[in-house]
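As structure tokens, the structure follows; a few thoughts come after it.
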Ligand code: CP
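In UniProt numbering, the protein residues as written are 15 to 320.
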């Protein structure tokens, strides 16, 4: 694995290798991981052309714990704001001896373009491109599910909400089907579920009640207002009435179901605060596991393993 651009197309053996490697970076209390020298002398450039709290910070923590030098380019204050092209930006940062680019961009495919233009020893990791893919989120979601549920082969996983605009949903679906998840459901209004879902091997449900019934795992998605035109955008109130996950509706799922959300959360729009903060929520463990999973991904691509 030279780059990590998508989960799509990666075989089960590589996904499992990444998850197993991440296990080595999670300590007994799931929190403190000692610094290791795997990326010593390497320069990791974080290029976030779109905003981020979790992904950017956990990539920075992960790279630091791998002993890399981490450079966070402040895109708003960079010369990209003066019109410098993406590839010119990359060429100039490459001239500063970059070894790895972690890229988030609003345009689907931007990390692929970068990967085509960097030198062979430089690695590119997709930290979310448009509505296309968010592979490390998909992997940390798989790590979280495996941590709490052990085995994918008996699981029903429901992915609920704005599937149409969600790069997380796509990465989760590819990862879940590759890892042998028994049933993957996508749940949302017709306007927010893409037409190719059935071809991806998932069951489409248009009511929350049907979608989460007897589910083991519920992954809630944010309404991505910034990617919607007016006609598509449901009112928050109407959306919550039909698709918002409340403590009452959660009772339709298995009693030991876990609730996930990639964040950022719109409380009271796709999910009730009582569920976010409730005992079935694993939203914050997802964030913590993101560090170990990103350490695993960076160490594997840097070592050209797998
Ligand atoms: N889950 C996720 O990608 O969150 P951020 O946008 O804060 O990175």
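The beta-carbon is built from N, C-alpha and C at its ideal position, and this holds for glycine as well.
Item: Under the three-state reduction of DSSP, which class applies to residue 264: helix, strand or coil?; Value: helix
Item: Answer yes or no: the CB of residue 158 versus the heavy atoms of the ligand CP, is any distance below 8 Å?; Value: no
Item: Alpha carbon to alpha carbon, how far is residue 118 from residue 196?; Value: 31 Å
Item: What are the boundary residues of the beta strand (DSSP E) that residue 172 is part of?; Value: 170-174
Item: Is the stretch 153-163 touching the stretch 213-223, taking contact as three or more C-beta pairs under 8 Å?; Value: no
Item: Could you pull out every unbroken beta strand (DSSP E) segment of at least 3 residues lying fully inside the stretch 197-254, listed in chain order?; Value: 197-201, 217-219, 231-234
Item: Can you tell me whether residue 151 is buried or exposed? The criterion is at least 16 other CB atoms within 10 Å of its CB, across all chains shown.; Value: buried
Item: Can you say whether residue 140 is buried or exposed, counting buried as having 16 or more other CB atoms within 10 angstroms of its CB?; Value: buried
Item: Name the residue from 85, 77, 289 whose alpha carbon lies nearest to the alpha carbon of residue 108.; Value: 85
Item: Measuring CB to CB, does residue 173 end up less than 9 Å from residue 199?; Value: yes
Item: Hey, is residue 238 close to the ligand CP, as in C-beta under 8 Å from one of its heavy atoms?; Value: no
Item: Write down every uninterrupted run of the alpha helix (DSSP H) in the stretch 44-111 whose length is 4 residues or greater and which is fully enclosed by it, in chain order.; Value: 68-79, 100-108
Item: Would you tell me roughly how many angstroms separate the C-alpha atoms of residue 92 and residue 248, rounded to the nearest one?; Value: 35 Å
Item: Quick one, what's near the ligand CP if you take every residue whose CB is closer than 7 Å to any heavy atom, in chain order?; Value: 65, 66, 67, 68, 69, 70, 142, 148, 151, 182, 276, 277, 278
Item: For residue 257, collect the residues of the same chain with a Cβ closer than 8 Å to its Cβ; drop the 5 residues on either side in sequence, then sort them by chain order.; Value: 174, 175, 201, 202, 203, 222, 284
Item: What are the boundary residues of the alpha helix (DSSP H) that includes residue 184?; Value: 181-192
Item: Which one or two residues does DSSP pair with residue 323 in a beta bridge?; Value: Shown here, the chain extends from 15 to 320; a query on residue 323 therefore has no answer.
Item: Using the DSSP secondary-structure output, state which residues sit across from residue 119 in a beta bridge.; Value: 143
Item: Checking the sheet assignment: what are the DSSP bridge partners for residue 274?; Value: 233
Item: My assumption, with CB atoms under 8 Å, is that residue 60 sits in contact with residue 116. Please give the rounded CB distance.; Value: 5 Å
Item: Residue 300 lies in the alpha helix (DSSP H); which residues open and close that run?; Value: 297-316
Item: Since residue 147 and residue 21 are thought to touch, with beta carbons under 8 Å apart, how far apart are those beta carbons, to the nearest angstrom?; Value: 7 Å
Item: Excluding the five sequence neighbours on either side, which residues of its own chain have a C-beta within less than 6 Å of the C-beta of residue 121, listed in chain order?; Value: 144
Item: With DSSP as the reference, label residue 153 as helix, strand or coil.; Value: helix
Item: Does the beta-carbon distance from residue 316 to residue 114 come in below 9 Å?; Value: yes
Item: Using only the alpha-carbon positions, how far apart do residue 19 and residue 263 sit?; Value: 36 Å
Item: Give me whichever residues DSSP pairs with residue 18 in a beta bridge.; Value: 139
Item: Please identify the residue among 128, 163, 170 whose C-alpha is closest to the C-alpha of residue 17.; Value: 128
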